[in-house]
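S.K.: Take this note's numbering: the final residue in the sequence shown is number 460, and no numbers are missing along the way. Heads up, the beta-carbon is just placed ideally off N, CA and C, and yes, glycines get one too.
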Amino acid sequence: KMSAALDMIGRFAPGLAAEMRELITTVIIARGIALNDSSTGQVFESSTALRAFGGVLLNADYAGSVVAAATTLIHEEAHTLLFALSPNEGVVLNPDSERFASPLREDPRPLEGIFHQTFVLARMIYGMDLLRSSDGASGTECDFACGFMQQNMPRFEDAVTTVRCHARLTDAGEMALRAAENHMATIQVT
271 KMSAALDMIG RFAPGLAAEM RELITTVIIA RGIALNDSST GQVFESSTAL RAFGGVLLNA
331 DYAGSVVAAA TTLIHEEAHT LLFALSPNEG VVLNPDSERF ASPLREDPRP LEGIFHQTFV
391 LARMIYGMDL LRSSDGASGT ECDFACGFMQ QNMPRFEDAV TTVRCHARLT DAGEMALRAA
451 ENHMATIQVT
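1. Going by the DSSP bridge assignment, what does A300 pair with across the sheet?
2. Using the C-alpha atoms, what's the distance from R301 back to A450?
3. How many angstroms separate the CA atom of T456 from the CA atom of E347?
4. For A319 and A354, what's the separation of their Cα atoms in angstroms?
5. Going straight from the alpha carbon of E444 to that of A437, what length do you get?
6. Would you kindly work out how many angstroms separate the C-alpha atoms of G406 and M278, rounded to a whole number?
7. Pick helix, strand or coil for V362, following the three-state DSSP scheme.
8. Pairs of beta-carbons, one from the region 372-380 and one from the region 408-421, closer than 8 Å: are there three or more?
9. Below 8 Å on the Cβ atoms is my guess for F370 versus L352; work out the distance and round it to an integer in Å.
10. For A339, tell me which candidate among A274, V433, S367 and T410 has the shortest Cα-Cα distance.
11. What residue does the alpha helix (DSSP H) around R379 start on, and which one ends it?
12. Exposed or buried, what is D399 when buried is set at 16 or more other beta-carbons lying within 10 Å of its beta-carbon?
13. Would you kindly check if the distance between the Cβ of G325 and the Cβ of I344 is under 8 Å?
14. Using the Cα positions of R425 and T295, report the straight-line distance between them to the nearest angstrom.
Written as structure tokens, this is what we have:
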């Protein structure tokens, strides 16, 4: 499924696929990955970490569609891009002890995490915007992309509001957030 997702990204977003090839050097497919708190019903999909720069851990048992797998790859590539933009410090200067509500998680999060989710969500929406406007996208793929965008654009706006109200950004953080905001302002959901 991940191979098909990579092929899909190459077709609808060749620039994004090229960036992925540059940043993602290792993909580890694993089975039996459990979340710390399985009572939420959440399933582990994927992960990246600065200490393992260029590596992506993917759950082989994740049961999403090919287009859902493509969004997972875009998600992890966006985290990796942020790590590349700011390898020696975070993108937020606030301490992790400061916690705020987040539109994508039930638990209060540090602003570094909210910033990452904001940027990553913008990149995923960007990818879905490219998919829905692609000549080769099927009706099912376009429907997925449009639904994803409709559901997540308000979440992006909520997250940006939290970051702009509370975060003290590094120069790299400001640059990345401004780029995400500028691009998001150009997207129209129908």
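M.R.: Judging by the given coordinates:
1. Here residue 300 corresponds to residue number 30 of the sequence shown, with the count starting at 1. DSSP output for A300 lists N329 as bridge partner(s).
2. Walking along the sequence shown from the start, residue 450 turns up at place 180. Walking along the sequence shown from the start, residue 301 turns up at place 31. Answer to the nearest angstrom: the Cα atoms are 33 Å apart.
3. Counting from 1 along the sequence shown, the entry for residue 456 is found at position 186. Counting from 1 along the sequence shown, the entry for residue 347 is found at position 77. Cα to Cα, the separation comes out at about 22 Å.
4. Position 49 of the sequence shown, counted from the start, is the residue given in the question as residue 319. Position 84 of the sequence shown, counted from the start, is the residue given in the question as residue 354. Computed Cα separation, rounded: 11 Å.
5. As a working note, residue 444 is residue 174 in the sequence shown. As a working note, residue 437 is residue 167 in the sequence shown. One C-alpha to the other measures close to 10 Å.
6. Within the sequence shown, numbered from 1, the residue matching residue 406 stands at position 136. Within the sequence shown, numbered from 1, the residue matching residue 278 stands at position 8. C-alpha separation (whole angstroms): 9 Å.
7. Reading the sequence shown from its first residue, position 92 is the one you call residue 362. If DSSP states are grouped into helix, strand and coil, V362 belongs with the strands.
8. no
9. By 1-based counting over the sequence shown, the position of residue 370 is 100. By 1-based counting over the sequence shown, the position of residue 352 is 82. About 18 Å separates the two Cβ atoms, so there is no contact after all.
10. Translated into positions along the sequence shown, residue 339 becomes position 69. Minimum Cα distance to A339 is reached at A274.
11. The residue labelled residue 379 in the question sits at position 109 within the sequence shown. R379 -> not in any alpha helix (DSSP H); beta strand (DSSP E) instead, spanning R375 to P380.
12. The residue you call residue 399 lines up with position 129 of the sequence shown. Burial call: buried.
13. On the sequence shown, position 74 is the one that residue 344 refers to. On the sequence shown, position 55 is the one that residue 325 refers to. The answer is no: Cβ separation not under 8 Å.
14. Counting from one through the sequence shown, the residue named residue 425 turns up at place 155. Counting from one through the sequence shown, the residue named residue 295 turns up at place 25. About 30 Å.
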